[in-house]
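Asks:
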Amino acid sequence: SQQGEEDPQALSIQEGENATMNCSYKTSINNLQWYRQNSGRGLVHLILIRSNEREKHSGRLRVTLDTSKKSSSLLITASRAADTASYFCATDAREYGNKLVFGAGTILRVKS
Amino acid sequence: SQTIHQWPATLVQPVGSPLSLECTVEGTSNPNLYWYRQAAGRGLQLLFYSVGIGQISSEVPQNLSASRPQDRQFILSSKKLLLSDSGFYLCAWTHAYRGHSYNEQFFGPGTRLTVL
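Just so you know, the protein sequences line up as chains S and E, in that order.
Mapping the first sequence onto my numbering, position 88 (from 1) lands on 96, and the numbers just tick up by one.
Mapping the second sequence onto my numbering, position 9 (from 1) lands on 26, and the numbers just tick up by one.
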């Protein structure tokens with residue numbers, strides 16, 4: 009079963025705007041991770057936020073985690089055309105052992 | 018530094034033919050290894066994972082099998098492909114300590130399989 013659910017499914021913005029993607033999950037987690045996938049390529053890890061953290065930054069990326077609502081958001085500021093990709097959240101939960109459970113992803117298109 | 022290789026990059030196979038996809042990792046030891054399948058425009062479905070040589074966990078009943086003959090080699094196989102086996106196959110690894118994964122997964126470039 010799918011642990012993470014992203015929304016929106018697709019997002020189209022202009023270059024320079026901010027992009028926000030959300031992820032909801034169902035069980036208690038150890039950490040939540042965000043990945044990026046360019047079309048036809050493998051996934052690339054972006055950022056990991058642990059269950060005891062509320063916010064994390066990496067360059068133009070900002071991730072928040074609300075364990076009470078079982079949700080996370082990924083904010084990309086000052087978007088660029090090169091940010092066009094699919095973005096996935098993945099949850100690491102004790103009950104899932106050594107596995108990550110991925111959501112269906114958000115397709116982001118940044119128009120120049 | 019660690020690298021992960023997958024081959025072939027693309028594959029077109031007839032229904033009923035066998036399959037062998039290979040994944041190798043360099044620059045680390047005792048990794049946990051994973052095979053995922055991704056349908057077009059969809060998320061990742063975990064197929065198999067391995068915490069050590071010869072140790073394979075299957076996540077979904079299917080036409081595929083996996084083997085780990087060496088520490089850093091993970092193979093996905095089928096004796097007879099079905100149309101539904103078409104998809105994008107991704108191999109991934111993660112650091113592990115005594116079999117337990119931690120932190121992020123590192124993905125290979127993927128294999129695009131089309132079964133006709």
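Yeah, the Cβ is synthetic: ideal placement off N, Cα and C, and Gly gets one too.
Quantities reported herein were computed from a predicted structural model and do not represent experimental measurements.
1. From S:Gln45, S:Thr28, S:Met29, pick the residue whose C-alpha is nearest to that of S:Ala93; which is it?
2. On the criterion of 16 or more Cβ atoms from any shown chain inside 10 Å, does S:Lys107 qualify as buried, or is it exposed?
3. Given this structure, state the Cα-to-Cα distance separating E:Gln72 from E:Leu107, to the nearest angstrom.
4. Can the beta-carbon of E:Cys40 be found less than 9 Å from the beta-carbon of E:Phe91?
5. Taking one C-beta from the segment 80 to 88 of chain S and one from the segment 25 to 37 of chain E each time, how about it: are there three or more such pairs within less than 8 Å?
6. Can you confirm whether E:Leu107, when its beta carbon is compared against all beta carbons of chain S, has any partner nearer than 9 Å?
7. Count the other CB atoms within 10 Å of the CB of E:Pro78; is the residue buried (16 or more) or exposed (fewer)?
8. Tell me whether S:Gly48 is buried or exposed, calling it buried when 16 or more other Cβ atoms sit within 10 Å of its Cβ.
9. Could you say which of E:Thr131, E:Glu121, E:Thr128 lies nearest to S:Val52 if we only look at CA atoms?
10. S:Gly67 CB to nearest chain E CB: under 9 Å?
11. So, with DSSP's three-state summary, where would you put S:Tyr104?
12. For E:Gln19, count the other beta carbons within 10 Å of its own beta carbon; 16 or more makes it buried, fewer makes it exposed. Which is it?
13. Could you pull out every residue in the same chain whose Cβ sits closer than 7 Å to the Cβ of S:Lys78, ignoring the five residues on either side in sequence?
14. Going by beta-carbon coordinates alone, are E:Leu81 and E:Ser103 separated by less than 9 Å?
15. Can you give the Cα-Cα distance for E:Trp110 and E:Leu98, rounded to whole angstroms?
16. Using the DSSP secondary-structure output, state which residues sit across from S:His53 in a beta bridge.
17. For S:Arg59, collect the residues of the same chain with a Cβ closer than 7 Å to its Cβ; drop the 5 residues on either side in sequence, then sort them by chain order.
18. Whole angstroms are fine: how far does the CA of S:Ala112 sit from the CA of S:Glu14?
Replies: With the given structure in hand:
1. When only C-alpha atoms are compared, the closest one is S:Gln45.
2. With 16 or more Cβ atoms within 10 Å of its Cβ, S:Lys107 is classed as buried.
3. For E:Gln72 and E:Leu107, the distance between alpha carbons rounds to 19 Å.
4. A distance below 9 Å separates the beta carbons of E:Cys40 and E:Phe91.
5. Three or more Cβ pairs closer than 8 Å define a contact, and the segment 80 to 88 of chain S falls short of that threshold against the segment 25 to 37 of chain E.
6. Taking Cβ atoms only, chain S reaches closer than 9 Å to E:Leu107, which makes this a yes.
7. Burial call: exposed.
8. Exposed.
9. Cα-wise, what sits closest to S:Val52 is E:Glu121.
10. No, S:Gly67 does not count as interfacial toward chain E.
11. If DSSP states are grouped into helix, strand and coil, S:Tyr104 belongs with the helices.
12. By the 10 Å Cβ count, E:Gln19 comes out exposed.
13. Around S:Lys78, the same chain offers Ser32, Tyr33, Lys34 as residues with beta carbons nearer than 7 Å, after the five sequence neighbours per side are excluded.
14. No, Cβ-Cβ distance for E:Leu81 and E:Ser103 is not below 9 Å.
15. Each residue's Cα considered, the two are about 25 Å apart.
16. Bridge partners of S:His53: S:Tyr43.
17. It is Ser, not Arg, that sits at residue 59 of chain S in the sequence shown. Closer than 7 Å at Cβ, skipping near neighbours: Ile37, Asn38, Asn39, Thr75.
18. Near 6 Å, if we compare the C-alpha coordinates of S:Ala112 and S:Glu14.
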